[in-house]
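Undergrad: Numbered by my numbering, the letters in the sequence shown go through residues 1 to 254 in order.
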Amino acid sequence: MAQQTFEFLLLAMSALAVVVFVALYYVRAGYGMFHTPKWGLSLNNKVGWVLMEAPVFFVMLYLWWNSGVRFNAVPLIFFLLFELHYFQRAFIFPFLMKGKSRMPLTIMLMGVVFNLLNGLMQGEWLFYLAPDGLYTDEWLSTSSFWTGIILFFIGMWINLHSDSVIRHLRKPGDTRHYLPQKGMYRYVTSGNYFGELLEWVGFAVLTCSPAAWVFVLWTFANLAPRANSIRNRYREEFGAQAVGNRKRMIPFIY
1 MAQQTFEFLL LAMSALAVVV FVALYYVRAG YGMFHTPKWG LSLNNKVGWV
51 LMEAPVFFVM LYLWWNSGVR FNAVPLIFFL LFELHYFQRA FIFPFLMKGK
101 SRMPLTIMLM GVVFNLLNGL MQGEWLFYLA PDGLYTDEWL STSSFWTGII
151 LFFIGMWINL HSDSVIRHLR KPGDTRHYLP QKGMYRYVTS GNYFGELLEW
201 VGFAVLTCSP AAWVFVLWTF ANLAPRANSI RNRYREEFGA QAVGNRKRMI
251 PFIY
């Protein structure tokens, strides 16, 4: 990809993220607890998650394997961290999910398109367009690298732990809703979203990649409105007193 094309893609994706951020405050994405028939055709939630998340795993794999830096230490670490997240998200997380929720085909397809574009953005910069000599072995000793690594794994742990809390709210056969209260849920009503956001902030810090920062913007634009809807839903269902002063997604801030 030419540098000019890449820069246009970053600008276009950034502008679209702003549009999505505003739109999602008015239109709830109809998956999970907000699924409704009005979204049209739907498919099994597990299948939907695999089909939606797997493409970015394979796009990144393709771009890394066909690059000239695939066995250089720093790009290899970036690649492995990115793939670690999406291997879990595409091939482990869906099969841990409980219940019989469904995912609208429309949302799944929109997710596929975004993931393809995001994989292209991340891989093009890390393996093809980054300035020569940027990601040398010296990068491993920078404060940016180690700060990012720490944030990435803290975010991943929060995300995985929060998902586990959600999965274990119900006993087999129970269909009632519960207010999660363990771990990060003591501070926010969408602890899993905070973990994912922190994870990608860490990735952006450790790579210093403009594409990674656009991904951070997209992560916030996609998750913040949904976190707001989830908090409102909890307040309606369990009462404002039960939710208390917990924030939506970012502890003590939002």
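Heads up, the beta-carbon is just placed ideally off N, CA and C, and yes, glycines get one too.
1. Roughly how many whole angstroms lie between the Cα atoms of Y254 and K247?
2. Considering only their Cβ atoms, is the gap separating Q122 from M60 smaller than 8 Å?
3. Given a threshold of 16 other Cβ atoms within 10 Å of its Cβ, counted over all protein chains shown, does L151 qualify as buried or as exposed?
4. Identify, in the order they occur along the chain, each residue of the same chain with its Cβ nearer than 6 Å to the Cβ of M1, setting aside the five sequence neighbours on each side.
5. From the DSSP secondary-structure annotation, give me the bridge partner or partners of K247.
6. Just reading off the beta strand (DSSP E) that N44 is part of, what are its end residues?
7. Quick one: Cα of N66 to Cα of S42, how far?
8. Contact between the stretch 158-167 and the stretch 207-224: three or more CB pairs below 8 Å?
9. Under DSSP, the beta strand (DSSP E) around P225 begins and ends at which residues?
10. How about S229 and N192: are their beta carbons less than 8 Å apart?
TA: Quick answer:
1. Between the alpha carbons of Y254 and K247 lies a distance of about 5 Å.
2. Contact flag set, yes.
3. It is buried - the Cβ of L151 has at least 16 other Cβ atoms within 10 Å.
4. Excluding residues within five positions, the ones whose Cβ falls inside 6 Å are E124.
5. For K247, the pairing in a beta bridge is given by DSSP as V188.
6. Segment S42 to N44, the beta strand (DSSP E) holding N44.
7. One alpha carbon belongs to N66, the other to S42, and they sit about 36 Å apart.
8. The count of Cβ pairs closer than 8 Å, one atom from the stretch 158-167 and one from the stretch 207-224, stays below three, leaving the stretches out of contact.
9. No beta strand (DSSP E) contains P225, which is instead part of the alpha helix (DSSP H) from P210 to F238.
10. Result no, Cβ atoms of S229 and N192 do not sit closer than 8 Å.
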